[in-house]
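In our numbering, the protein residues as written are 705 to 883.
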């Protein structure tokens with residue numbers, strides 16, 4: 705379980721193209737003005753709108769699922785994005801080279817007009833902190849698992865962005881895995 709209160713954890717961020725806006729700290733926007741719990745979270749610009757025409761990643765440390773049975777992941781997110789033009793997905797990798805989409809029941813848009821990340825994806829406004837979870841039995845027994853939030857924007861309008869907090873990995877009838 706990582707609530708990002710004592711630091712950014714072992715998470716890192718980088719730009720795939722143009723700018724990287726991910727920052728760790730206290731969100732301070734008009735609408736996204738707090739973390740889901742505590743004071744700190746990861747956000748695409750804590751104090752300003754995200755950049756146009758960029759693709760950026762917030763990436764987890766490596767997790768060991770070799771002893772897990774029936775794992776699932778959960779996280780909290782609050783987002784305000786240009787609907788159907790800017791959005792994000794959660795991906796996972798078993799080798800840091802091939803990335804696959806995490807199929808989340810909370811993806812809220814089936815239309816991607818400019819950024820090509822595939823659909824469905826998170827886009828528009830989710831109106832407050834929400835918890836999202838995905839059951840991932842295909843990861844059971846894997847010794848190298850990494851996750852990333854991949855965010856893409858078009859060349860026009862922006863909004864406050866994405867905030868991520870309280871990332872956890874659990875297994876049915878088992879304890880949380882620490883980062």
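Think of the CB as a built atom: it goes at the ideal place given N, C-alpha and C, for glycine as much as any other residue.
Bear in mind that the values here come from a model prediction, so they are computed numbers and not experimental data.
- Residue 808 and residue 826 have their C-alpha atoms spaced approximately 10 Å apart.
- Of the residues 824, 866, 714, 736, the one whose Cα lies closest to the Cα of residue 806 is 824.
- Exposed is the label assigned to residue 773, since fewer than 16 other Cβ atoms lie within 10 Å of its Cβ.
- For residue 846 and residue 725, the gap between their C-alpha atoms comes out near 31 Å.
- As the crow flies, the alpha-carbon of residue 766 is around 5 Å from that of residue 849.
- Relative to the Cα of residue 785, the nearest Cα in the group 867, 872, 876 belongs to 867.
- Within the DSSP secondary-structure output, residue 797 pairs in a beta bridge with 803, 850.
- Residue nearest to residue 739 within the set 844, 840, 706 is 706 (criterion: CA-CA distance).
- Contact check between the segment 792-805 and the segment 730-738: fewer than three CB pairs, one atom from each, fall below 8 Å, which does not count as touching.
- Here residue 875 really is in contact with residue 775; their C-beta atoms are around 5 Å apart, less than 8 Å.
- For residue 727, the uninterrupted beta strand (DSSP E) run begins and ends at 726-729, by DSSP.
- Secondary structure of residue 772 (DSSP, three-state): coil.
- Counting other Cβ atoms within 10 Å of its Cβ, residue 734 stays below 16 and is therefore classed as exposed.
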